[in-house]
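Reading through the structure tokens given below for one structure.
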Amino acid sequence: MWKLLIAFLLAIFPLSCVAYAHQSGSATMKRLAFMRGSWNCTVHDGQSNGLVQRTTYSFSSDGLWMTELSYDVGSKNDWETQMWGYDAHAKKLVAYQFTADGVYTKTVTGFIGKNFMSTRNDNGATVSLVPITSNSIDWVIASADHSYVVKEHCVRR
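The sequence shown begins at 1267 in the numbering used here and counts up by one.
This is how it looks when you write it as structure tokens:
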């Protein structure tokens, strides 16, 4: 009887881990839902100090994917589309950034406290979302060696 019970538990353990990972990824993405809509973002520090971007966030019908569309005010060539979400096949949070210069990926940690954390795979920079209020957020980008930090302050339009 014990062997049968242990065999049963070992059989369902991987399934419960997958279900937990999906719920965890789903819950993480649903925490970002407050970002839905249009934002004005201003870059502080770095080479782009003072740059203004228009950014829009939308979500898939299941809430597992967030699309981020942005462009620099006054430029038709400086745009990006980013997909943040839970990849059910890979069983992890992911981000894909599409720009005129190419495609970049991020390893997404998810929420640590109130901040949403990720790391660029190409250069090791950390990209953190810091919710300020329901109408104000900061994106903080720090180089891998922390020699520079750029903040992008966004307010809802």
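The beta-carbon is built from N, C-alpha and C at its ideal position, and this holds for glycine as well.
- Under DSSP, the beta-bridge partners assigned to K1372 are A1361 and R1386.
- Three or more Cβ pairs closer than 8 Å define a contact, and the region 1293-1311 meets that threshold against the region 1413-1422.
- Sequence-distant Cβ neighbours of V1421 in its own chain, meaning closer than 7 Å and more than five residues away, are W1305, N1306, N1401 and S1402.
- Taking the CA atoms as reference points, A1299 sits about 10 Å from S1326.
- The C-alpha of I1398 lies about 12 Å from the C-alpha of M1301.
- Between A1361 and W1350, the CB-CB gap stays under 7 Å.
- The C-beta distance from D1338 to Q1319 rounds to 6 Å, short enough to fall under 8 Å.
- In its chain, beyond the 5 residues on either side, N1381, I1403, D1404 and V1406 have a beta carbon closer than 7 Å to the beta carbon of V1396.
- Counting every other CB atom within 10 Å of its CB across the protein chains shown gives G1316 a total below 16, marking it as exposed.
- In the structure shown, G1329 falls within a coil segment according to DSSP collapsed to helix, strand and coil.
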